[in-house]
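Residue numbers (our numbering), protein chains in the order written: chain D, 271 to 639; chain B, 316 to 623.
Glycine included, C-beta positions come from ideal geometry on N, C-alpha and C.
Input: a single structure, listed below in structure tokens.
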């Protein structure tokens with residue numbers, strides 16, 4: 271046993287639990303219920319990425335016979351291993367959700383190897399067949415929801431200029447920007463999306479400056495892909511621009527400016543996972559999906575969304591729900607004029623090529639480097 | 316304005332607007348630190364004070380509905396942190412830089428802990444004064460929506476410059492900073508002068524924090540400061556302990572922070588990481604140019620632990 275990893279706090283908690291367990295004999299009773307652990311990288315009420323997961327955890331809490339333990343602000347270092355060990359050894363967690371992308375390798379892989387009987391479900395889609403079988407990885411094709419946002423944005427913009435405050439030019443972010451733009455151009459073929467990269471996931475001052483510069487350029491509908499969209503949503507609404515949200519529903523922050531948004535739907539997925547585990551079913555190691563699979567969803571439309579926009583967006587949404595729609599359908603050119611998806615080629619939801627996206631489509635103003 | 320777009324003019328406008336919007340916390344923290352350092356002590360803990368100020372301002376504004384009460388609360392919190400720093404440093408053989416680092420960690424940690432329930436609610440914000448009423452360019456009007464705190468900060472700089480030069484208080488602070496023995500010989504308590512100077516410094520830094528959470532970006536979250544407090548402390552050295560230079564340096568830093576996003580918004584996208592790093596490159600460059608191994612920095616108070 272590696273004693274270097276046990277902190278004093280854990281030791282105290284451990285001995286307290288042991289004392290309690292031995293005197294009252296409640297260990298057996300506690301084992302009757304399943305304990306599920308959730309680990310967040312940030313604060314769970316950030317109106318963003320972590321809140322989306324915490325909403326999923328809240329849905330799990332409502333299930334009978336399930337106990338939920340949570341820890342927030344756990345860094346993507348061996349801090350997450352300590353948290354996992356403490357959840358397993360002290361709280362008796364048998365299913366863990368380390369929700370941040372950077373937790374996976376090497377931390378979750380290592381812990382899954384160490385505790386082969388427990389289940390680890392990591393958000394990010396990083397599992398490969400070399401990894402332990404009790405580790406799984408799930409992710410959502412949120413670009414489908416961004417596409418719907420784009421359609422609504424395309425109808426709502428008066429200037430034809432849309433803005434996107436993005437953190438870093440990584441494939442997932444680029445895919446969202448491209449889907450948003452392609453959706454907007456369905457509604458308004460002349461629409462453009464101006465993108466600004468802030469350089470990191472949480473930079474409130476930079477995000478506010480980016481929002482202001484975009485609006486100064488004539489942009490009147492904005493969306494974003496950063497950890498906490500609150501700054502963008504509030505500052506854009508103050509300047510009289512409209513917004514599409516991300517991660518969770520931000521309409522309480524700006525009810526008059528909020529058109530719609532791309533949201534995670536973890537409150538549908540997590541209870542499903544927990545029920546599968548309790549029933550003894552295996553969760554596929556690689557679990558992904560979009561609107562149809564109820565992993566992502568679209569925020570309810572704001573009042574100012576026109577009937578025409580609602581109809582078009584609902585039509586496309588219905589096609590996603592029946593699984594017959596492809597966003598990245600050739601021919602698609604990038605914003606330098608090069609064809610990136612040839613005519614006749616359909617890059618469907620699960621196409622691995624899309625995971626390597628390194629271009630911005632025609633209509634996006636900005637560059638990836 | 317046919318299509319309400321200014322093209323390339325956005326860049327100077329954004330830098331100008333950014334100088335006003337982003338500079339205020341730099342300005343308050345650097346002016347506060349200027350007072351503290353002139354009295355012969357360095358308070359590196361102002362990063363923590365800034366974050367504590369931002370959190371307490373947001374909390375009080377949310378609970379009371381009055382943003383101005385929030386600003387006051389931020390100032391008082393800052394003054395208390397200043398008093399704590401000065402109190403610990405008045406013990407014999409205590410290093411002010413080490414205490415500052417400890418208080419920086421304490422301030423940010425405590426603010427994150429107490430600020431947990433404040434991330435979600437929306438607090439009343441400080442109002443802005445519309446100085447752009449004469450213009451029909453919406454971008455200019457937006458840039459000229461100026462917060463009173465910025466104006467107060469701009470007014471404090473020359474006031475402080477004048478006070479250091481001509482008032483008795485200014486002289487006392489400078490004496491304590493240049494030669495503690497001289498101040499003692501004059502019959503003044505150096506510790507008391509430094510206590511007051513550190514408390515005033517903390518008060519100003521706390522108010523700088525209230526600007527972050529109550530005006531721009533205008534909400535409380537844990538990434539709010541991202542090092543602005545510590546940058547502002549460095550600004551004081553950069554500004555040679557001169558309040559007027561602190562003002563210009565803060566404006567330059569604010570403008571530089573707006574440069575990256577503004578250039579991207581007009582389509583200059585190559586090397587945005589470099590533009591985002593502009594303020595830091597600027598600091599490094601000026602530090603290297605003005606440094607000399609042969610003499611101490613001009614204007615540095617002689618009692619500072621870094622120059623002594």
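Rounded separation between residue i and residue j - CA only
{"i": "residue 507 (chain D)", "j": "residue 449 (chain B)", "result": "23 Å"}
{"i": "residue 457 (chain D)", "j": "residue 425 (chain D)", "result": "6 Å"}
{"i": "residue 601 (chain D)", "j": "residue 420 (chain D)", "result": "19 Å"}
{"i": "residue 563 (chain B)", "j": "residue 533 (chain D)", "result": "43 Å"}
{"i": "residue 528 (chain D)", "j": "residue 410 (chain D)", "result": "23 Å"}
{"i": "residue 514 (chain D)", "j": "residue 613 (chain D)", "result": "30 Å"}
{"i": "residue 603 (chain D)", "j": "residue 629 (chain D)", "result": "9 Å"}
{"i": "residue 451 (chain B)", "j": "residue 402 (chain B)", "result": "53 Å"}
{"i": "residue 488 (chain D)", "j": "residue 464 (chain D)", "result": "10 Å"}
{"i": "residue 511 (chain B)", "j": "residue 398 (chain B)", "result": "8 Å"}
{"i": "residue 605 (chain D)", "j": "residue 634 (chain D)", "result": "6 Å"}
{"i": "residue 441 (chain D)", "j": "residue 553 (chain D)", "result": "26 Å"}
{"i": "residue 498 (chain D)", "j": "residue 533 (chain B)", "result": "13 Å"}
{"i": "residue 357 (chain D)", "j": "residue 536 (chain D)", "result": "21 Å"}
{"i": "residue 484 (chain D)", "j": "residue 501 (chain B)", "result": "58 Å"}
{"i": "residue 560 (chain D)", "j": "residue 619 (chain D)", "result": "8 Å"}
{"i": "residue 418 (chain B)", "j": "residue 341 (chain B)", "result": "19 Å"}
{"i": "residue 363 (chain D)", "j": "residue 571 (chain B)", "result": "49 Å"}
Per-residue DSSP class, three states only, for residue i
{"i": "residue 483 (chain B)", "result": "helix"}
{"i": "residue 544 (chain B)", "result": "helix"}
{"i": "residue 461 (chain B)", "result": "strand"}
{"i": "residue 459 (chain D)", "result": "coil"}
{"i": "residue 446 (chain B)", "result": "coil"}
{"i": "residue 514 (chain D)", "result": "strand"}
{"i": "residue 440 (chain D)", "result": "coil"}
{"i": "residue 411 (chain B)", "result": "helix"}
{"i": "residue 617 (chain D)", "result": "strand"}
{"i": "residue 604 (chain D)", "result": "strand"}
{"i": "residue 549 (chain D)", "result": "coil"}
{"i": "residue 405 (chain D)", "result": "strand"}
Listed by chain order, chain B residues near residue i by CB distance under 7 Å
{"i": "residue 464 (chain D)", "result": "580"}
Bounding residues of the beta strand (DSSP E) (the contiguous stretch that carries residue i)
{"i": "residue 662 (chain D)", "result": "Chain D is shown from 271 up to 639; residue 662 (chain D) falls before or after that span and cannot be answered."}
{"i": "residue 341 (chain D)", "result": "336-341"}
{"i": "residue 558 (chain D)", "result": "556-559"}
{"i": "residue 494 (chain D)", "result": "491-495"}
When the options are compared against residue i, the one with the closest alpha-carbon
{"i": "residue 561 (chain B)", "options": "B:484, B:471, B:326", "result": "B:471"}
{"i": "residue 540 (chain D)", "options": "D:420, D:604, D:408", "result": "D:408"}
{"i": "residue 495 (chain D)", "options": "D:343, D:527, D:448, D:510", "result": "D:448"}
{"i": "residue 339 (chain D)", "options": "D:346, D:327, D:347", "result": "D:327"}
{"i": "residue 599 (chain B)", "options": "B:573, B:552, B:615, B:619", "result": "B:552"}
{"i": "residue 444 (chain D)", "options": "D:558, D:627, D:636", "result": "D:627"}
{"i": "residue 468 (chain D)", "options": "D:438, D:452, D:482", "result": "D:438"}
{"i": "residue 324 (chain D)", "options": "D:598, D:564, D:312", "result": "D:312"}
{"i": "residue 389 (chain D)", "options": "D:396, D:367, D:398", "result": "D:367"}
{"i": "residue 365 (chain D)", "options": "D:547, D:552, D:608", "result": "D:547"}
{"i": "residue 365 (chain B)", "options": "B:462, B:528, B:374", "result": "B:528"}
{"i": "residue 368 (chain B)", "options": "B:345, B:525, B:466", "result": "B:525"}
{"i": "residue 573 (chain D)", "options": "D:557, D:524, D:553, D:617", "result": "D:524"}
{"i": "residue 596 (chain B)", "options": "B:568, B:327, B:490, B:354", "result": "B:568"}
{"i": "residue 316 (chain D)", "options": "D:503, D:543, D:402, D:418", "result": "D:503"}
{"i": "residue 458 (chain B)", "options": "B:468, B:469, B:443", "result": "B:443"}
Residues that residue i contacts on chain D, provided the C-beta gap is smaller than 7 Å
{"i": "residue 588 (chain B)", "result": "469"}
{"i": "residue 523 (chain B)", "result": "Going along chain D, no residue has its Cβ under 7 Å from residue 523 (chain B), so there is no contact; the nearest lies around 13 Å."}
{"i": "residue 576 (chain B)", "result": "466, 476, 479, 480, 483"}
Extent of the continuous alpha helix (DSSP H) run through residue i
{"i": "residue 499 (chain B)", "result": "495-500"}
{"i": "residue 399 (chain B)", "result": "382-404"}
{"i": "residue 390 (chain D)", "result": "Note, residue 390 (chain D): premise wrong, no alpha helix (DSSP H); beta strand (DSSP E) at 389-393."}
{"i": "residue 361 (chain B)", "result": "361-379"}
{"i": "residue 582 (chain D)", "result": "577-591"}
{"i": "residue 272 (chain B)", "result": "Chain B is shown from 316 up to 623; residue 272 (chain B) falls before or after that span and cannot be answered."}
{"i": "residue 503 (chain D)", "result": "500-508"}
{"i": "residue 351 (chain B)", "result": "325-353"}
{"i": "residue 371 (chain D)", "result": "Neither: residue 371 (chain D) is in no alpha helix (DSSP H) and is coded neither H nor E."}
Within chain B, the residues that residue i reaches when beta carbons sit closer than 9 Å
{"i": "residue 509 (chain D)", "result": "453, 457"}
{"i": "residue 305 (chain D)", "result": "None at all; the shortest Cβ gap to chain B is about 24 Å."}
Closer than 8 Å at the beta carbon, the chain B residues around residue i
{"i": "residue 636 (chain D)", "result": "579, 582, 584"}
Proximal residues of chain D, C-beta to C-beta of residue i below 8 Å
{"i": "residue 618 (chain B)", "result": "Under the 8 Å cutoff, chain D gives no residues; its nearest Cβ is about 34 Å from residue 618 (chain B)."}
{"i": "residue 434 (chain B)", "result": "313, 315, 316, 317"}
Check: residue i C-beta below 7 Å from any heavy atom of the ligand PLP
{"i": "residue 545 (chain D)", "result": "Ligands are entirely absent from the displayed structure, and the ligand PLP is therefore not among its contents."}
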